[in-house]
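Contents: one structure, followed by commentary.
Number of protein chains: 2
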Amino acid sequence: MNMNIVLLSGGSGKRLWPLSNDIRSKQFIKIFRTGDGEYESMVQRVYRQIRSVDRDAAVTIATSKTQVSAIHNQLGNGAGICVEPCRRDTFPAIALVAAWLHDVKKVSEDEPVVICPVDPYVDEDYFQAVGELGRLAGEGSSNLVLMGIEPTYPSEKYGYVIPEDENKLSRVKTFKEKPDLEGAKKYISQGALWNGGVFAFRLGYLLKKAHELIKFSDYWDLYAGYENLTKISFDYAVVEKEPDIKVMRFSGKWKDLGTWNTLTEAMEEPAVGKVMMGDACENVHVVNELDVPVLCMGLKNAVVSASPEGILVSDKEQSSYIKPYVDSIDQQIMFAEKSWGSFRVIDIEDESMTIKVTLNTGCGMNYHSHERRNEVWTVVSGKGRAVVNGVEQPVKAGDVLRLPAGCRHKIIADSELKLIEVQMGKDISVHDKIKYPAVDQSMV
Amino acid sequence: MNMNIVLLSGGSGKRLWPLSNDIRSKQFIKIFRTGDGEYESMVQRVYRQIRSVDRDAAVTIATSKTQVSAIHNQLGNGAGICVEPCRRDTFPAIALVAAWLHDVKKVSEDEPVVICPVDPYVDEDYFQAVGELGRLAGEGSSNLVLMGIEPTYPSEKYGYVIPEDENKLSRVKTFKEKPDLEGAKKYISQGALWNGGVFAFRLGYLLKKAHELIKFSDYWDLYAGYENLTKISFDYAVVEKEPDIKVMRFSGKWKDLGTWNTLTEAMEEPAVGKVMMGDACENVHVVNELDVPVLCMGLKNAVVSASPEGILVSDKEQSSYIKPYVDSIDQQIMFAEKSWGSFRVIDIEDESMTIKVTLNTGCGMNYHSHERRNEVWTVVSGKGRAVVNGVEQPVKAGDVLRLPAGCRHKIIADSELKLIEVQMGKDISVHDKIKYPAVDQSMV
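Heads up: the protein sequence lines correspond to chains S and L, in order. Mapping to my numbering: the first sequence position 324 is 324, numbers consecutive. My numbering runs 1000 ahead of the 1-based position in the second sequence.
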């Protein structure tokens, strides 16, 4: 049976500032050790685990436009990407990905689809359960099968599912929204499970639900009208209204790493990056993405994180109150992963900005121009080809290119290529960019 | 009576890392509020206070070569600078400055000289006392007059002076080296004062002492043989052996800001730079020299400091144990004040380094070349003149200059001028620099 796994990749990730920001969500932070000593992000970890459990599963990431570059950068081209034109909550997102699977990927209506969050911190047994959920849905066990996580404490953060019996697979008696502490205790005493946001169904079932609730002909039509859809959650629109629904219990490791406090609990080691930890530190975690050292002395129960965006120093418990502070920061994005590599802002002046650009081997940026700024590129390492106003030239470390406003330019890396870009002009903005569909005729 | 005040400016300042480093000593950190809302450093504060008390005093800074640029940058050209060729403790340093005053500045042997540390945190009454000390020495009250600070607690950090009586000016009965806590209590019960390192004498007295202990003819001879002098402190060589010595007691504010703990006590406000402090923070001080924000949440009794060199997060008490950690850091200097402005390293790669250079109006760097690296300058703001291989050209924001290895170059700022310098080559080092005494003939 073909297995379709859809990872919902959302969130702007302010809660993990300064590692996450408006364009880098928490799932892209490289903070987990892989077997071979490198670091990987949540999305890389989840994707690797899925591939390890079922190397043939068709994995699709449902996400917004802002994350496409980072996904390509971190996962390569192995996963399909279904891009939402804008955010409209989970029901429209799942309807869109269902239409995409059917109309673009030609997935049959009988095939099972499992919807998962992109950011659970789990072991491989979780993805074995995900596969099992898909098989149950594919076999028509019921219209919807969802995963119920056995609770480890009376949490106020999750919705609850109360099953009819204690079997591994049970019909659902009822759903409960996020309770208070007393409510959580009561539900657990009634055998409730956490709703982990994992749902399996046959593609045809979901398409039918989508057409019942949204007027559209096919994927392209749904995409075109997406902006006008009402925001509604999949739980509310479908799950809680479906009578033929079962829950499969899961008792393995499952952590939701939404705050610095929970994230640091999942870190295999107390420090990532250049960090010196004094002997008197207790229960301190540090993630340093800068090139200079962080020295911690005599701290207790604290998290420290430094990135090009800023520096957080927080008591672990207090770190859950971070959001209003981060909302108040009005700052240029200082770092971003792109499909072709990454950039980092290294200096800002009133009428100039200096950026370090790293292009991965074989990658090139879009062919583009700027209206209101001149740029100077100094290549500091690697080899490649620059195209300026339609003329290609080889470039290597030491070369300097002047790119006056209006000139069309791109660079393609033949080996990893790094350059320092100095932007000069009034009102420098990422929005001052005119893209061209391809390189000029002379280049074809 | 002419008054000569000599400020001894020493120290590598590891205890206030990351604000101080091998080339920026703690006295140059701009952390104190001036009356008009700007920040000033300890040396600026002390110099301003001296000028306010006695605008005619001749102030000399006795220091090492590495501090000359920072002193010019922070004090302009108002103070004399007597440069030690290397560090040889306080007696050789004071002998050298005495010879310099006599032979270079033609100060008469009858004039009083007062030696002060450059970094006490004091009010103006301290410098009134310094002036009084000088007058007493000038009048021949005794060969040596020193300042005794009335102790506020039994400190183990200072040497003690025991006066013969309780008068404002008393003969010295005896000196005591840094005691343990019990010793300190005992001395204080005997009326002891802290030895604050302030000494006054007539210039002739000190020159005589210098000639007794060191063989030299004049300042230039002493300078030439300085490296071969034995390290010995002024206290040991002179003060403790002098029978005709008095102490003048001082009861005003006097703080020694040698550690983060004491430094933060003197800060008028808890945060300097871009800082967000959560409500739950208590007794937290932050000094942030970076352009990105520091967010502190739920911290107690902590100091946080971020600079281009690194980031410190420490319990205040624990911060006094910082030195061995900082000693273990082996890192490129990331920021420096120069006589002509400042530079900051903004990117480091294996075979390139990118630096932001800021030249103050009217200033120019030395005319120089490099053997093993090419450089590219992109001017991002301001106007000036560049000299490349003897040819002067005007430069302004947007201009790009290529400076291949071997080419002689300098730049002079006609208004504040900022440029991005990309250095490229193997083994990039600050030592790869050949200076030329002046601009080529063609420039004269």
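All C-beta atoms, glycine included, are put in the ideal place defined by N, C-alpha and C. Since this is a predicted model, take the numbers as computed values, not measurements.
Of all residues in the segment 381 to 404 of chain S, only Ser-381, Ala-397, Gly-398, Val-400, Arg-402 come within less than 8 Å of chain L when Cβ atoms are compared, listed by chain position. Under the DSSP assignment, L:Pro-1092 falls in the alpha helix (DSSP H) whose first and last residues are 1090 to 1103.
Under the DSSP assignment, L:Asp-1347 falls outside any alpha helix (DSSP H), being part of the beta strand (DSSP E) whose first and last residues are 1341 to 1349.
Of the residues assessed, L:Asp-1119 falls on the buried side of the cut-off, its CB having 16 or more other CB atoms within 10 angstroms. Nearest CB-CB separation between L:Glu-1289 and chain S: not below the 8 Å threshold. Residues of the segment 306 to 334 of chain S whose Cβ lies closer than 9 Å to any Cβ of chain L, in chain order: Ala-306, Ser-307, Pro-308, Glu-309, Gly-310, Ile-311, Leu-312, Val-313, Ser-314, Asp-315, Lys-316, Glu-317, Gln-318, Ser-319, Tyr-321, Ile-322, Tyr-325, Val-326, Ser-328, Ile-329, Gln-331, Met-334.
Around the CB of L:Gln-1332, fewer than 16 other CB atoms lie within 10 Å, so the residue is classed as exposed.
A straight line joining the alpha-carbon of L:Cys-1086 with that of L:Arg-1015 spans about 21 Å.
When the five nearest sequence neighbours on each side are left out, the beta carbons in the same chain lying within less than 7 Å of the beta carbon of S:Asn-283 are those of Lys-300, Asn-301, in order along the chain. Residues of chain L whose Cβ lies closer than 9 Å to the Cβ of S:Glu-371 do not exist; the shortest such Cβ separation is about 16 Å. Rounded to whole angstroms, S:Ile-348 and S:Gln-423 show a C-alpha spacing of 10 Å.
Of the other Cβ atoms in all chains shown, 16 or more fall within 10 Å of the Cβ of L:Trp-1340; this residue is therefore buried. For S:Glu-240, there are no C-beta contacts with chain L under 7 Å, since the nearest C-beta of that chain is about 37 Å from it. Identification of chain L residues near S:Asn-374 by a Cβ-Cβ cut-off of 8 Å yields Gly-1398, ordered along the chain. Judged by pairs of C-beta atoms under 8 Å, the segment 179 to 199 of chain S does not touch the segment 207 to 227 of chain S, as fewer than three such pairs exist. Counting only runs that start and end inside the segment 373 to 413 of chain S, the beta strand (DSSP E) elements of at least 3 residues fall at 374 to 381, 383 to 388, 391 to 396, 400 to 403, 409 to 413. Closer than 7 Å at the C-beta level to chain S, one finds these residues of the segment 1264 to 1296 of chain L: Met-1276, Gly-1278, Ala-1280, Asp-1291, Val-1292, Pro-1293, Val-1294, Leu-1295, Cys-1296. Legend: CB atoms of the segment 411 to 434 of chain S lying less than 8 Å from CB atoms of chain L belong to residues Lys-418, Ile-420, Val-422, Met-424. The shortest CA-to-CA distance from L:Phe-1335 to any of L:Met-1267, L:Ile-1355, L:Glu-1242 is the one to L:Ile-1355. If one requires a minimum length of 4 residues, the alpha helix (DSSP H) runs lying completely within the segment 18 to 104 of chain S are 42 to 53, 68 to 75, 90 to 103, in chain order.
Excluding residues up to 5 positions away in sequence, Arg-408, His-409, Lys-410, Lys-433, Ile-434, Lys-435, Tyr-436 lie with their Cβ nearer than 8 Å to the Cβ of S:His-368 in the same chain. Residue S:Thr-63 holds the alpha-carbon nearest to the alpha-carbon of S:Ala-95 among S:Asn-389, S:Tyr-158, S:Thr-63, S:Asn-73.
As the crow flies, the alpha-carbon of L:Glu-1371 is around 5 Å from that of L:Gly-1406. With a beta-carbon spacing of about 5 Å, L:Ser-1305 and L:Leu-1312 fall inside the 8 Å limit used to define contacts. Restricting attention to beta strand (DSSP E) runs no shorter than 3 residues, the segment 195 to 262 of chain S encloses them at 245 to 250, 254 to 256, ordered along the chain. As the crow flies, the alpha-carbon of S:Ala-192 is around 31 Å from that of S:Ile-322. Taking a contact as a CB-CB distance under 8 Å, the pair L:Lys-1418 and L:Gly-1382 counts as one, their CB atoms being some 6 Å apart.
Residues of chain L with a Cβ closer than 7 Å to the Cβ of S:Gly-225 do not exist; the shortest Cβ-Cβ separation is about 40 Å.
Assigned with DSSP and collapsed to three states, S:Asp-315 falls in strand.
In this structure, L:Ile-1031 sits away from L:Val-1239, with a CB-CB distance that is not shorter than 8 Å.
For S:Phe-201, the closest of S:Lys-253, S:Gly-138, S:Asn-261, S:Tyr-219 by C-alpha to C-alpha distance is S:Gly-138. Within the segment 1347 to 1366 of chain L, those residues whose Cβ lies closer than 8 Å to any Cβ of chain S are, in chain order, Asp-1347, Ile-1348, Glu-1349, Asp-1350, Glu-1351, Ser-1352, Thr-1354, Lys-1356. For L:Leu-1169, no Cβ of chain S is located within less than 8 Å of the residue's own Cβ.
A distance of 8 Å or more separates the beta carbons of L:Ile-1081 and L:Leu-1007. Here DSSP, grouped into helix, strand and coil, assigns L:Leu-1290 to coil. For L:Glu-1124, there is no enclosing beta strand (DSSP E); the residue is found in the alpha helix (DSSP H) stretching over 1124 to 1138.
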